[in-house]
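Asks: The structure under discussion is supplied below as structure tokens; questions concerning it will follow.
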Amino acid sequence: MTDIKPLLGFPVERTGTVNGETLQAMARIWAQGWPQVWTDYGRIDLTRCRMAQELLKSPCTHLIMIDADHIHPPETVQKLLRWVMKDRDKYP
23 MTDIKPLLGF
33 PVERTGTVNG
43 ETLQAMARIW
53 AQGWPQVWTD
63 YGRIDLTRCR
73 MAQELLKSPC
83 THLIMIDADH
93 IHPPETVQKL
103 LRWVMKDRDK
113 YP
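Note that this note's numbering has the sequence shown beginning at 23, numbered continuously upward.
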């Protein structure tokens, strides 16, 4: 996975739907040291657009957006990267 450099984005909607359980799940992913991009609260479409703009300015190759209203297991990023590595033609 050396040529794939993911950037994690955590879009947070204006409604602020983060609760303790989702925050703990996100913290387990943050603790792994992946590069991250954050934006202010706002409309989700604009937030995602700003994250994509940050990806283009970074040395990262892929943007993984982790929604704040979902509970993701700690190995989510690794699982997504394995799919990319498995089929490089589909995910250049």
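Note that CB positions come from ideal geometry on N, CA and C, so glycine has one too.
Remember, it's a predicted structure, so these values are computed and weren't measured experimentally.
Which value, in whole angstroms, describes the spacing of the CA atoms of residue 26 and residue 83?
Replies: Looking at the two C-alpha atoms, the distance is approximately 6 Å.
Asks: Does the Cβ-Cβ distance between residue 87 and residue 107 come in under 8 Å?
Replies: Their beta carbons are not under 8 Å apart, which means residue 87 does not touch residue 107 by this criterion.
Asks: For residue 78 and residue 42, what's the separation of their Cα atoms in angstroms?
Replies: Approximately 32 Å between the Cα atoms of the pair.
Asks: Residue 55: buried (16+ other C-beta within 10 angstroms of its C-beta) or exposed?
Replies: Exposed is the call here.
Asks: Roughly how many whole angstroms lie between the Cα atoms of residue 34 and residue 57?
Replies: Cα-Cα distance, rounded: 17 Å.
Asks: What's the C-alpha gap between residue 30 and residue 67?
Replies: Cα to Cα, the separation comes out at about 16 Å.
Asks: What do you get for residue 93, buried or exposed, if any count of 16 or more other CB atoms within 10 angstroms of its CB means buried?
Replies: Exposed: under 16 other Cβ atoms inside 10 Å.
Asks: Grab me the residues of residue 50's own chain with a C-beta within less than 7 Å of its C-beta, minus the 5 sequence neighbours each way, in chain order.
Replies: Here the set comprises 96.
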